[in-house]
Structures are given as C-alpha cells and as structure tokens.
Amino acid sequence: MTPITPLSDIYSFGVVLVLLLFGEVPHSRPLLRVVDKITDTKMLLQRLDHQAGSWGCAEAAVMQRLAVQCLQLHNEHRPSADEVLHQLTLVCSHERSKDSMEEIIHLRGVCR
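Taking the numbering used here, the leading residue of the sequence shown gets 2, the next gets one more, and so forth.
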C-alpha cells in the first residue's frame, strides 16, 4: 500500500480539476486515461462543462494538463504543491480566466 503523503492530496486535487473542467468524474475507466486522451483543442472544448462558466481555450488546456500531471499513479511523478500553485497562478494571471475561476467556484458552491 502506498503511504499517504502531501502528494496524495495532489492526486485528489487532480480529481477536483476534472470535476471543475468536465462537470463529472468518469468512473467507468481509469481517470488518468480518460483525461489524457483529450489530445486536441476541439476535443477539449467539446468536453468542457459549459454550465460551470466559460473557459478560455488556453486556460482550459493548461488546467487539463495540470489535471493529468496531478493524476499520475505514482507520487514521484506528480507535481509538488508549489508547482501546482505556480501553474494556477499563471492561469489566474489572465483577467478573463480569473473571472471564470471565481464563477466556477461560486457555481460549485465552494464559496458562498
């Protein structure tokens, strides 16, 4: 059994990213395979949960790649919390994506 470490939380965060991006977490297949198979922009935009707000194409692609990194099966292949924070900061540095993130957080009931 793999020990619980801060990188275990990173995996969980990857699951949350998938939920925010796609509106559901697929349970029928390994999650990493499902998310990693979204290989082009058109496919990514078709799969996004548009009820959660509007995603810029670049921001969605960065978030999808971050989710893939977080969902790696082995802890040593996942990014650190600092690396995740850096990626999120880059996404939120664009005013449009910052508004989208706030809208998603509000719609998902995280902040009331």
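All C-beta atoms, glycine included, are put in the ideal place defined by N, C-alpha and C.
Check: Inter-residue spacing [alpha-carbon to alpha-carbon] between residue 15 and residue 21; Outcome: 10 Å
Check: Length of the line joining the Cα atoms of residue 71 and residue 19; Outcome: 10 Å
Check: Residue 25 burial status per 10 Å Cβ neighbour count (16 or more: buried); Outcome: exposed
Check: Beta carbon of residue 69 nearer than 7 Å to that of residue 37; Outcome: yes
Check: Nearest-angstrom Cα separation, counted from residue 67 out to residue 5; Outcome: 21 Å
Check: Helix, strand or coil at residue 9 [DSSP, three-state]; Outcome: helix
Check: Local conformation of residue 73 per DSSP, three classes; Outcome: coil
Check: Secondary structure of residue 63, DSSP reduced to three states; Outcome: helix
Check: CB of residue 65 within 7 Å of CB of residue 89, strictly; Outcome: no
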